[in-house]
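In the numbering used here, the protein residues as written are 1399 to 1681. Beta carbons are placed, not taken as given, at the ideal position from N, Cα and C, and that holds for glycine. All remarks here apply to the structure that follows.
Pasting the structure below:
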């Protein structure tokens, strides 16, 4: 009798210790660090960069923010495993994260002093060798009233309007030829509505997938976003006549062509090709 009770107590203590230490089923913490660069230099508001685009222009940042969702790790066996994002009240909620690299310094007057360069979450414990995520805001969250939305969707400077939704990427800068600004605003366009605040679809959704092989969440790796690479094929000193400055996702704006190509997006008859994505890389 006493032996059975002692054995039961020992098993209970063993189970409790296993639970306290995490056990084999404890989730694995994921911390994704994003590193904005301009070629071989760190991105920072207030800095000046040279040699950008096809005209090797001078470039001064004015803004750099983007939304990311649908984050997954890829196991060594090739299986996608969703990352459950940690809700932190400011930058992450409902599986959506806002990355903010501007700090209101220099020409970055539209932003805030607060910045965020990481995404945090958990996955089941395992061996992982790749990272995948979607840049943009999911359709179900994209078309709403930003004035009453919760963080991180309550940012008016990242909102086009309920029909167009949010700017998935906002990358603004001043160049030698365009002192008033060269802007990259990526978002959904040509959206159809069925009444006030009722968007049924968008012909050009402009969300894109990023796949990065060789990513190990247990190593101190960075996801690099290279502004110089994104703008390498663009004439940053000349703007197409009768169009928005830079690229604001219009299908008739040829200035968007090289940028969309480097994001792996379809543009004006060309097919989407995620393999062409060169904006993001692992370092």
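DSSP, read as helix, strand or coil, puts residue 1611 in strand. Counting only runs of 4 or more residues that sit fully inside the segment 1586-1630, the alpha helix (DSSP H) segments are 1625-1628, in chain order. Judged by beta-carbon spacing, residue 1494 lies within the 8 angstroms limit of residue 1465, meaning their Cβ atoms are closer than that value. For residue 1583, DSSP records a beta bridge to 1568. Beta-bridge partners of residue 1433 (DSSP): 1622. Taking all protein chains shown into account, residue 1617 has fewer than 16 neighbouring C-beta atoms within 10 Å of its C-beta and is therefore exposed.
Note: residue 1461 is bridge-paired with 1570 in the DSSP secondary-structure output. For residue 1610, same chain residues with a beta-carbon under 6 angstroms away, outside a window of 5 residues either side, are 1529 and 1680 in chain order.
In this structure, residue 1538 lies away from residue 1557, with their beta-carbon atoms at least 8 angstroms apart. With a threshold of 16 other beta carbon atoms within 10 Å, residue 1573 meets it and is buried. Residue nearest to residue 1500 within the set 1599, 1527, 1424 and 1462 is 1462 (criterion: CA-CA distance). Short of 6 angstroms from the beta carbon of residue 1615, and not among the five residues preceding or following it, lie these beta carbons of its own chain, in chain order: 1428 and 1526. Taking the Cβ atoms as the reference, residue 1536 lies roughly 13 angstroms from residue 1606, outside the contact range of under 8 angstroms. Taken in chain order, the whole alpha helix (DSSP H) runs of length 4 or more contained in the segment 1468-1530 number zero.
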